[in-house]
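Peer 1:
Protein chains: 2
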Amino acid sequence: MANDQIASQDLPPWSREEFEAKLREKGKGYHIYHPIHVLMYEGKLSQAQMQAWVANRYYYQIAIPQKDAAILSNCPDRELRRGWIQRIFDHDGSGHISEGGEGGIEAWIHLGHAVGLTREEIMSLKLVAPGTRFAVDAYINFAKQRPWQESVCSSLTELFAPHIHQQRIDSWPDMYPWINAEGMQYFKNRLTQARRDVEQGLAVTLDYFGRSRELQMRALEILQFKLDVLWVMADAIMLQSTDVKVEGRDYLRQPVMDVS
Amino acid sequence: MANDQIASQDLPPWSREEFEAKLREKGKGYHIYHPIHVLMYEGKLSQAQMQAWVANRYYYQIAIPQKDAAILSNCPDRELRRGWIQRIFDHDGSGHISEGGEGGIEAWIHLGHAVGLTREEIMSLKLVAPGTRFAVDAYINFAKQRPWQESVCSSLTELFAPHIHQQRIDSWPDMYPWINAEGMQYFKNRLTQARRDVEQGLAVTLDYFGRSRELQMRALEILQFKLDVLWVMADAIMLQSTDVKVEGRDYLRQPVMDVS
């Protein structure tokens, strides 16, 4: 590893276009390829499995504004903050669901209703797997503890998100006709938002990390960290809700003693 | 959940003996029952799988002194610190391996050698799964961010550890005869250390959380969090190294693009 770093220090930085291409290439590790998302795309998730996904993913949704506030809290650049603050409005909202104005968290609760969860079930976080908590908390702690440019870079999985949102909008009405249109609103909103957001995040990343090969390598490492967060969440949801065999035997879920 | 809390506030605290019994009952969710540990106990792990376990678990070993230092850093009680500091010596060491004096981290590296890993492979952390990192980091962050009494309580999975260490000492020479005696030293050391450590941690927990039913419930919740840390680590090692089928299909491991 020390040798790798010395080697990358000696190399000239990639051009802006090459660097962006390297970042986009990391999309091959995006959670769209995870078994739980493949099953989802193929229309093979049961209602209970879809509920597990929505309930776990809710923990990610509520973490996003705190993650973005952590970035603002570390960032002395007013121009960056003026743009970035929009993300908090996008998730926390202020207006009507029809305009996406109630915000992403509320839209996600509507998706929860559409798959048969009550607001109380979703908001209690009782259905959130420990692996989901640890992965999402790692993302928030990263944003709290690292320089803001690194946290901005970690948001770049947004590069790959519009594709997965569009895929759901296209395939779910056929695959999961029991999910109503209101449940799909989150993905429709994010389609526009993620495309706009990624412009700012990508510009910061290409500028800041583009100054040396070593920084460019660091940016790829950070993007991998965020890909890992999403993949480990998908692992946790899979282990919680699907039929898993380990070396031919049923996977045992942790026996949790409720001693209340 | 709000209702549960109101209910537990109205109840008298369990007696010291009842409370300890409730804590010990949580052992039913200890990772000894996780599929990867069951396979290990049954002698069914391959050398590669044993390597994955040792390499991942190393990340936990090196986190422990930082976790214990975080507890010291939050603790104004000199008496507690005088006892607790021994844990840092136990892991970081100072003397000879034959007396356990080189410390737990070094003993773990010897276990790594015994299963065929080099010191460099272990220390590079290249074999550590992201799920392991997120779980272990959650434990360190807990110790940094929570009151020291809560962090002390979170260490109480030690209540259940001597059994698993003894089981390995008894069964591995038959099950895994290729692991040499030096590789087993870690477990032999911990057998004594964990029994001594747990006395201090248990006394603090029974005193501090014993004052009300609500605090006792909180202690059980904290112990569950730590059980979750260990279980999610085991999940990550299992997904990294065993044959896993999801709804009948091979589990796909994340394609990681190495763009260096």
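As they're listed, the protein sequences go chains A and B.
Residues 31 to 290, numbered by my numbering, are exactly what the first sequence covers, in order.
Residues 31 to 290, numbered by my numbering, are exactly what the second sequence covers, in order.
Beta carbons are placed, not taken as given, at the ideal position from N, Cα and C, and that holds for glycine.
Tell me, please, whether the CB atom of A137(A) is closer than 9 angstroms to any CB atom in chain B?
Peer 2: So, not an interface residue.
Peer 1: Determine the chain B residues that contact L282(A) at a beta-carbon separation under 9 angstroms, and present them in chain order.
Peer 2: Near L282(A) (Cβ distances below 9 angstroms), the residues of chain B are Y63, H64, P65 and V68.
Peer 1: Nearest-angstrom Cα distance between T235(A) and D98(A)?
Peer 2: Whole-angstrom Cα-Cα distance: 16 angstroms.
Peer 1: Which one or two residues does DSSP pair with K275(A) in a beta bridge?
Peer 2: Paired residue(s): D280(A) and K275(B).
Peer 1: Please check if any C-beta of chain A sits within less than 9 angstroms of the C-beta of F164(B).
Peer 2: So, interface residue.
Peer 1: Check A159(B) in the structure and name its three-state DSSP category.
Peer 2: Residue state, collapsed to three classes: coil.
Peer 1: What whole-angstrom Cβ distance do P65(A) and L282(B) have, given they're in contact under 8 angstroms?
Peer 2: Their Cβ separation, rounded to whole angstroms, is 6 angstroms, which keeps P65(A) and L282(B) in contact under 8 angstroms.
Peer 1: Apart from the five residues on each side of it in sequence, which residues of its chain come closer than 6 angstroms, Cβ to Cβ, to W83(A)?
Peer 2: Result list for W83(A): I267, in chain order.
Peer 1: What do you reckon, are the CB atoms on Q270(B) and A159(B) nearer than 9 angstroms?
Peer 2: Yes.
Peer 1: Chain B beta carbons: is any one of them nearer than 9 angstroms to that of E55(A)?
Peer 2: So, interface residue.
Peer 1: Could you work out which residues of chain A lie near R279(B), taking near to mean beta carbons separated by less than 8 angstroms?
Peer 2: Within chain A, the residues near R279(B) are P65.
Peer 1: Nearest to L250(A) by CA position, among V286(A), R54(A), E151(A) and S45(A), is which residue?
Peer 2: Of the listed residues, the one whose Cα sits closest to L250(A) is R54(A).
Peer 1: Could you say which of Y90(A), I101(A), F255(A) and E151(A) lies nearest to G231(A) if we only look at CA atoms?
Peer 2: Closest by alpha carbon: I101(A).
Peer 1: In chain B, which residues lie with their C-beta within 9 angstroms of the C-beta of K275(A)?
Peer 2: Those are D273, V274, K275, V276 and G278, listed as they occur along chain B.
Peer 1: Taking Q91(A) as the reference, which of I135(A), W202(A), L147(A) and L245(A) has the closest Cα?
Peer 2: The shortest C-alpha separation from Q91(A) is found at I135(A).
Peer 1: Spatial neighbours of S38(A) within its chain, please: C-beta separation below 6 angstroms, excluding the five flanking residues on both sides.
Peer 2: Counting only Cβ-Cβ distances below 6 angstroms, and skipping sequence neighbours, we find R243, E244 and M247.
Peer 1: Roughly how many angstroms lie between the CA atoms of F190(A) and Y63(A), to the nearest whole one?
Peer 2: F190(A) and Y63(A): Cα-Cα distance of roughly 12 angstroms.
Peer 1: Are L157(A) and E150(A) touching if we call contact CB-CB under 9 angstroms?
Peer 2: For L157(A) and E150(A), no; Cβs fall outside 9 angstroms.
Peer 1: Which chain A residues sit within Cβ distance under 8 angstroms of N171(B)?
Peer 2: Here the neighbours are D167 and N171.
Peer 1: Given a cut-off of 9 angstroms on the beta-carbon distance, is the pair A93(A) and Y169(A) in contact?
Peer 2: Yes.
Peer 1: Grouping DSSP H, G and I as helix and E and B as strand, with all else coil, what is N104(A)?
Peer 2: Reduced to three states, the DSSP call for N104(A) is coil.
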